[in-house]
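Before any comments, here is the structure.
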Amino acid sequence: MMDPKDCTACDSTAQMITKARKDGVVLAFDRAEDMKPCPIGADSACCKNCFMGPCRLNARDPYKKVGVCGATIDTIMARNFARAVASGAAAHTDHGMAMLELFRDVVNGKILDYEIKDSFKLHSVAKSLDIETEGRSDQDISTDLYKELERTYTQVDGEMPFVKRVPKGTLETWRKLGIVPRGAMREIMEMMHRTHIGVDQHYENITKQANRTALSDGWGGSMVATEISDILFGTPSPVEVGVNMGVLKEKMVNIIIHGHEPNLFESMVVSVASPTLVQAAKDAGADGINLVGMCCSGAEMMSRHGIPHAGNFSSTEAILVTGAVDTMAVDIQCIKQGLAEVAKCYNTPLITTNTRAHIEGAVHIEFNDHLPMECTDEIVIKAISRFKNRVHPIEIPKEVKTGIQGFSHEYVQYMLGGTFRGGYAPLNENIINGRIRGVAGVVGCTNPRTKQDDSHIQLVKELIKNDVLVLLTGCAQIAIAKAGLASPEAAHYAGPGLREVCETVGMPPVLGLGSCVDNSRILIAASAMVAQGGLGDSIADLPVAGAAPEYMSEKAISIGHYFVASGVYTVFGVTFPIVENTKFHNLLFNGLEEQGLGKWGFDKDPIEMARKMIAHIDKKRKELGIDQ
Ligand code: NFS
1 MMDPKDCTAC DSTAQMITKA RKDGVVLAFD RAEDMKPCPI GADSACCKNC FMGPCRLNAR
61 DPYKKVGVCG ATIDTIMARN FARAVASGAA AHTDHGMAML ELFRDVVNGK ILDYEIKDSF
121 KLHSVAKSLD IETEGRSDQD ISTDLYKELE RTYTQVDGEM PFVKRVPKGT LETWRKLGIV
181 PRGAMREIME MMHRTHIGVD QHYENITKQA NRTALSDGWG GSMVATEISD ILFGTPSPVE
241 VGVNMGVLKE KMVNIIIHGH EPNLFESMVV SVASPTLVQA AKDAGADGIN LVGMCCSGAE
301 MMSRHGIPHA GNFSSTEAIL VTGAVDTMAV DIQCIKQGLA EVAKCYNTPL ITTNTRAHIE
361 GAVHIEFNDH LPMECTDEIV IKAISRFKNR VHPIEIPKEV KTGIQGFSHE YVQYMLGGTF
421 RGGYAPLNEN IINGRIRGVA GVVGCTNPRT KQDDSHIQLV KELIKNDVLV LLTGCAQIAI
481 AKAGLASPEA AHYAGPGLRE VCETVGMPPV LGLGSCVDNS RILIAASAMV AQGGLGDSIA
541 DLPVAGAAPE YMSEKAISIG HYFVASGVYT VFGVTFPIVE NTKFHNLLFN GLEEQGLGKW
601 GFDKDPIEMA RKMIAHIDKK RKELGIDQ
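Oh and the sequence shown: position 268 is 268 in this note's numbering, straight run, nothing missing.
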């Protein structure tokens, strides 16, 4: 068995892997060791889109064989890739749609437990879509905004609403290539149709629709999720938060919320503050109730409200091994089925809450936006009862790192510009004068196929050392927070230029923007940099790059591809589902850039990854004539 220290760079998780093995409990790290990936599938050289197959091609001699229908390696890989994009885009857009439905029913008065918290944001989003705001009530603006944003999903022809935010040069390229997204439902449906046996059998044409589908995620579903959540729950601004398993408290009722839609978590905040429930916890012998987050809704709540965060994707089973989790409630996405078995071993209720995501062996308590407290109060009651009946010895790792989280693109604008000159001018100026070499987005998951957090930490340290400002989201943001790099003091890891900017402004060298749907904040920030002037007229001109060094999900593929289609060089680690030296490989890694978009990159080594990103940033600086 692998040494826990080789499984993860996170000391708490390593401690829990050791304990789990002692307790005879199997975690994803051990299952990964036990289950080697299928080498044909890993190269995407296998097609199971019909029942004449599955057909397996030879990655070492990719053009020697074709599938029973005659599909070539390029068609097969493009179809597999496109379906991953479609699935990832579906996840984000369905999440966005749930937020939009919630917004609709708040606006029309059918839902009373939530309200519009951020009227300023409502106005600014409405204005960005040319909705009249002057002298109008929030109610009227919201009604129009709902109608406008519904088109993100249902429109069958024309351009999606948020396409209005795309820089001119980028949009011209999309129009020329015919990849401006229409409506997310249409794009995802067409993607699934075109990848059916016997439909689209040209890898270039399949990729074209994959571009459009991915863009319907980044500039559609994900952006709707972020903007509506900000309007309903507040736009994040910097807040100091503790991250890692040490946020659990032995003498308190510990409740973990793990998932992606913030409404469950927002209502949990209300439930745990209920005097009756707090009293019930005290009557059970606890000091109180301790609510903490994991994964993406945890990242959102950490950013918006400073709620402590217990860890990222690879730690969700491990944290149950502490014996201190009195309930874990989950909603959608990135929730391992393995949690059910681990939860059972420690007598922890695992509660599913979303109609779209049940787990065999978990208790299901449906969350209903119209009566949210029914579900969340019951979760608290279950947790209190488990606290009272704790039977397992408790072992809580001590690690907690405190740092600053909650940077929205609005706040970045304010922070760098101050109230008098709010805007991206100072950022662009610092890029042009070379203090900041460029900007990198480091995002995505952790993956038990690689040492947890390690690549994130090495990559980010190398980037900031070279004066690259790093924007973070999702599980990457948590990895970096656990490593202590989210505090202003971490500026000493930065190169002299970036350090100077950080010290002047009092900010850390990395800025955490929230969950994975909040990658849309990076797109908006990139558009603002273009609009500010001096750095070209499209996102592809900017000295920026993206990376997901430890990704594992189809959502990450969709995110990577919408960054590429938006003009960003994006490098993934761990593995890439492709056979090198094929036409499809050449298209993703070179051809898209020749079309005026971004391009894909791949490297397992985080330092090499950083070098590739910095080389790209330097190339863009040179093209802009700012490489002094
Ligand atoms: Ni993103 Fe969030 Fe984490 Fe990966 Fe999963 S939680 S949406 S997919 S694992 S970063």
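Just so it is clear, CB atoms sit at the ideal spot from N, CA and C, and this is done for glycine as well.
Close-in-space but distant-in-sequence residues of the same chain around residue i (CB under 7 angstroms, 5 per side omitted)
{"i": "K451", "result": "D6, C7, T8 and A9"}
{"i": "I478", "result": "V243, A299, H309, G311 and N312"}
{"i": "A86", "result": "I188, M191, M192 and T213"}
{"i": "K64", "result": "N58"}
{"i": "V66", "result": "T72"}
{"i": "V568", "result": "I539, V544, A545, G546 and G598"}
{"i": "V460", "result": "V442, V470, I480, L485 and V510"}
{"i": "E503", "result": "A491"}
Identity of the residue in the options nearest residue i by Cα
{"i": "G183", "options": "H202, G506, G221 and K382", "result": "G221"}
{"i": "T213", "options": "I231, A615, P275 and A89", "result": "A89"}
{"i": "N354", "options": "I256, E366 and C345", "result": "E366"}
{"i": "N430", "options": "I179, Q595 and V505", "result": "V505"}
{"i": "M507", "options": "N263, G403, L523 and A526", "result": "G403"}
{"i": "N49", "options": "V68, P262 and H616", "result": "V68"}
{"i": "R390", "options": "N368, I379, Y424 and V325", "result": "V325"}
{"i": "N646", "options": "M16, K336, C334 and T327", "result": "There is no way to answer for residue 646, as the model of the chain reaches only from 1 to 628."}
{"i": "V412", "options": "T173, G259 and A528", "result": "A528"}
{"i": "K620", "options": "F576, G536 and I17", "result": "G536"}
{"i": "L277", "options": "L592, S385, L513 and H456", "result": "S385"}
{"i": "Y562", "options": "A210, M99 and C55", "result": "A210"}
{"i": "M373", "options": "C38, D113 and S44", "result": "D113"}
{"i": "L145", "options": "H196, E101 and F576", "result": "E101"}
{"i": "D369", "options": "G323, P4, H409 and L232", "result": "L232"}
{"i": "R60", "options": "A14, T582, T207 and P448", "result": "T582"}
{"i": "S690", "options": "T473, A280 and D105", "result": "The chain is shown from 1 up to 628; residue 690 falls before or after that span and cannot be answered."}
{"i": "N254", "options": "G293, S267 and S237", "result": "G293"}
DSSP beta-bridge partners of residue i
{"i": "Q452", "result": "T8"}
{"i": "C47", "result": "C55"}
{"i": "V241", "result": "G403"}
{"i": "L485", "result": "Per DSSP, none; premise fails for L485."}
{"i": "H309", "result": "V243 and G293"}
{"i": "G438", "result": "V468"}
{"i": "T376", "result": "DSSP output for T376 lists no bridge partner at all."}
{"i": "M328", "result": "I256 and L350"}
{"i": "A640", "result": "In this structure the chain extends from 1 to 628, so residue 640 is not present and cannot be described."}
{"i": "A548", "result": "F572"}
With 16 other Cβ atoms within 10 Å as the buried cut-off, status of residue i
{"i": "E132", "result": "exposed"}
{"i": "I607", "result": "exposed"}
{"i": "A273", "result": "exposed"}
{"i": "Q139", "result": "exposed"}
{"i": "N433", "result": "exposed"}
{"i": "K482", "result": "buried"}
{"i": "R521", "result": "buried"}
{"i": "A615", "result": "exposed"}
{"i": "Y35", "result": "Per the sequence shown, residue 35 should be read as Met rather than Tyr. Exposed."}
{"i": "H202", "result": "exposed"}
{"i": "M52", "result": "exposed"}
{"i": "N108", "result": "exposed"}
{"i": "G158", "result": "exposed"}
{"i": "V380", "result": "buried"}
Sequence-distant residues of its chain with Cβ nearer than 8 angstroms to residue i (five each side left out)
{"i": "H156", "result": "One detail in the question is off: residue 156 reads as Val in this sequence, not His. Closer than 8 angstroms at the Cβ level, and outside the excluded window around V156, lie R182, G183 and R186."}
{"i": "V363", "result": "P349, L350, I351, T352 and K382"}
{"i": "D130", "result": "K164"}
{"i": "G497", "result": "N430, G434, R435, I436, R437 and D467"}
{"i": "D627", "result": "D618 and R621"}
{"i": "T154", "result": "G183 and M185"}
{"i": "S44", "result": "I76, M77, N80, F81, P577, I578 and V579"}
Chain-order list of residues whose beta-carbon lies under 6 angstroms from that of residue i (same chain, five-residue window excluded)
{"i": "A20", "result": "L27 and V321"}
{"i": "K249", "result": "N290"}
{"i": "G361", "result": "A340"}
{"i": "L215", "result": "P181, Y562 and A565"}
{"i": "I604", "result": "For the record, residue 604 in the displayed sequence is Lys; it is not Ile. Excluding sequence neighbours, K604 sits near G573."}
{"i": "K388", "result": "A284"}
{"i": "L427", "result": "L416"}
Practice problem: Please specify which runs of the alpha helix (DSSP H), each continuous and at least 4 residues long, are wholly inside the region 556–615, giving them in chain order. | Solution: 583–586
Exercise. With a floor of 4 residues, list each alpha helix (DSSP H) that falls wholly inside the region 492–545, ordered by position along the chain.
Key: Runs of the alpha helix (DSSP H) spanning 4 or more residues and lying entirely within the region 492–545 occur at 496–505 and 519–532, in chain order.
Exercise. Report the residue ranges of all alpha helix (DSSP H) runs contained in full by the region 133–167; include only those spanning at least 4 residues, in chain order.
Key: The region 133–167 contains, as complete alpha helix (DSSP H) runs of 4+ residues, the segments 138–154 (chain order).
Quiz item: Of all the alpha helix (DSSP H) runs that stay within the bounds of the region 337–373, which reach a length of 4 or more residues?
Solution: 338–345
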